[in-house]
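Notes follow once the structure below has been shown.
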Amino acid sequence: WLKFQAASALLHHPTDCSRALLPAMQQSLVRRGIRRALPCRDRWHALQEYAVGEANTEEFRLLRARDTAVTGVVAAQHGAQKTIDWKAWEGRISNKETLQCLKDFHAQQTALLDAVFKEDHLKAVKEQKAGWELYDTAQASCTKSVAKSQQILKNGARALWISFQNPPVSQLSQSEWLDADQYWQAFVEKHHFYHNHIASAVEDPESKEYDAKQKADLQKRWATFDGRGTTRQNNKLLYQRPSFEYYDVYRGPLIEHMIYYLTKTGGDARMFPEVMPTAWFAEIYNLRFKVYNVLQRRKRLEHESSLSRESHHDFHPHDLEHDGEAFFSKLIAKESALIELTVGRLMGNYIFFSDGYIPVQTGQAFYKAIQTDGGKGTFYSLGSDVHCLFYKPAGDALAMPDPKECFHALADHVSMTGRRFEVGYAAAFEAFTEVLESRKEGLGGSWFTAPGESSKDAFMRRVKRSDAAYEIYQAYAAE
């Protein structure tokens, strides 16, 4: 089009330079127009424009001359179709049967082609009246398909535009456009919330590759925590497994939940429920956060005062991932040994199971025992080999003390004697007594003994007969 405009300008406004170029340009335009008019002749003739140099131009000119000569010879030889001279072939071919077969076949095919050429196909098509309903139905169906395809194309273009204009998943805002866009609401709820995938820019959560990745990760975690070489998956995810299998894999939560259950109910480990109530889980989390709040404040003070490179919580190992199980097992064993030593010391002085009496071993305890009833009670001694006096107040029997009251009395005694509990240990001890005291809600105000039951009977009721120290406790209770 630009060349045509330039040629038109030169034709209407010739200049000195353009007058010299006009004949050549006119010939070029005429030649190109003829090429477009001739049927399929310019397919290779047009390649002359790409001939560069005199040698290539001369070679292409000779090629065109040969093509013109061949075309002339073909046009000169075109005339009436010659017939086959069968008499001449009879003299040349000795096998007369083969010749006769060829002659009959040629005659048959010639008659068939002549009959076909004589038929009026246009008339046959016009006379065909039946069968056009199928054509009309197909045409209507194609029209509907084209309309449906155009609608799909429009919806796809609209979806692509919306997807391009929307921000990435990491910048979604619940307070802006997401409230009105149901498509992205579903996307966020299905992928951004439920799926814990980080590489959302390169991964498709609905693809088979992502499912295979999740399954491989599950197999890896199973082998890491279980270590039994099994690949049979009864459940989709670890948090959907039954509680027995869950506690079999995660031993830490089992110890934590079992301690809470025994402290909360005072029952037997064999009656541990399949699934604890939701309120119990909430209370466990609250107690855990309370203890960690104290430990974190302690760690922060120590970390900021020492300016050390790293710091760790009290009662925690430096490498919690690798040494946590062994560390807490030793901690529980040490605490159990201390409890056994404490119980042994109480039993050695007959303080254990001393209902209705106040054991006195210090001057402070002697003073507090007298204050309970103004010194109206009676002191008892079991002999010089028992390093304890027992004071029985006058009047009604002593009530069962509360766990938190006992903890505060013990903490005050330790502080007044120049010692103190570790901050984290004191927080855990107080949380333990809070759980003990919460038994009153379900036991009618009692947390250790049933109504009319002594502490000796309550303790012996809870001790297993298979315990190695059961006979010792039984002999002590009888004495």
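In terms of my numbering, the sequence shown opens at residue 61 and continues consecutively.
Don't be surprised by glycine CBs; every beta carbon is placed ideally from N, CA and C.
These figures come from a predicted structure and were not determined experimentally.
Member of the options whose CA lies at the smallest distance from the CA of residue i
{"i": "residue 369", "options": "524, 359, 448", "result": "359"}
{"i": "residue 507", "options": "216, 458, 463", "result": "463"}
{"i": "residue 491", "options": "349, 199, 315, 432", "result": "349"}
{"i": "residue 458", "options": "447, 185, 133, 419", "result": "419"}
{"i": "residue 428", "options": "186, 480, 442, 469", "result": "469"}
{"i": "residue 424", "options": "363, 472, 326, 531", "result": "472"}
{"i": "residue 461", "options": "479, 447, 481, 415", "result": "415"}
{"i": "residue 341", "options": "396, 330, 314", "result": "314"}
{"i": "residue 400", "options": "283, 533, 270, 308", "result": "533"}
The ligand ADP heavy atom lying under 7 Å from the CB of residue i
{"i": "residue 367", "result": "No copy of the ligand ADP appears in this structure; indeed no ligand is present at all."}
Beta-carbon spacing of residue i, residue j below 8 Å
{"i": "residue 303", "j": "residue 343", "result": "no"}
{"i": "residue 413", "j": "residue 515", "result": "yes"}
{"i": "residue 324", "j": "residue 495", "result": "yes"}
{"i": "residue 488", "j": "residue 351", "result": "yes"}
{"i": "residue 467", "j": "residue 493", "result": "yes"}
{"i": "residue 326", "j": "residue 522", "result": "yes"}
{"i": "residue 355", "j": "residue 379", "result": "no"}
{"i": "residue 336", "j": "residue 329", "result": "no"}
{"i": "residue 159", "j": "residue 150", "result": "yes"}
{"i": "residue 137", "j": "residue 120", "result": "no"}
{"i": "residue 111", "j": "residue 117", "result": "yes"}
{"i": "residue 270", "j": "residue 264", "result": "yes"}
{"i": "residue 381", "j": "residue 371", "result": "no"}
Residues near residue i by beta carbon distance below 7 Å, same chain, minus five either side
{"i": "residue 407", "result": "536"}
{"i": "residue 171", "result": "none"}
{"i": "residue 384", "result": "377"}
{"i": "residue 403", "result": "412"}
{"i": "residue 387", "result": "377"}
{"i": "residue 531", "result": "none"}
{"i": "residue 331", "result": "none"}
{"i": "residue 201", "result": "none"}
{"i": "residue 253", "result": "Bear in mind that the predicted position of residue 253 carries a pLDDT of just 44, short of 50, making it too unreliable to give a figure here."}
{"i": "residue 199", "result": "none"}
Own chain residues within Cβ distance below 8 Å of residue i, not counting five before or after
{"i": "residue 510", "result": "503, 518"}
{"i": "residue 539", "result": "none"}
{"i": "residue 448", "result": "409, 410, 411, 419, 420, 421, 442"}
{"i": "residue 196", "result": "none"}
{"i": "residue 446", "result": "409, 410"}
{"i": "residue 312", "result": "384, 385, 388"}
{"i": "residue 481", "result": "471, 474, 489"}
Close beta carbons around residue i, own chain, < 6 Å, minus the five adjacent residues each side
{"i": "residue 27", "result": "The chain is shown only over 61 to 539; residue 27 falls outside these bounds and no answer can be derived."}
{"i": "residue 347", "result": "491"}
{"i": "residue 307", "result": "314"}
{"i": "residue 430", "result": "none"}
{"i": "residue 305", "result": "none"}
| said: List, from N- to C-terminal side, the alpha helix (DSSP H) runs of 4 residues or more that fit wholly inside the segment 123–160. | reply: 146–152
| In the segment 464–511, which residue ranges form an unbroken alpha helix (DSSP H) of at least 4 residues, counting only runs that do not cross its ends? | 483–497
| Inter-stretch contact at 8 Å, needing at least 3 Cβ pairs: the segment 382–391 / the segment 495–502 | no
| Does the segment 451–460 touch the segment 435–443, meaning 3 or more C-beta pairs lie closer than 8 Å? | yes
| task | Please go through the segment 335–383 and give each complete alpha helix (DSSP H) segment of 4 or more residues, from N-terminal end onward. | result | 338–366
| 3 or more residues per run - each beta strand (DSSP E) lying fully within the segment 409–434 | 418–420
| field | Contiguous alpha helix (DSSP H) assignments of at least 4 residues, all confined to the segment 156–223 | value | 156–178, 181–187
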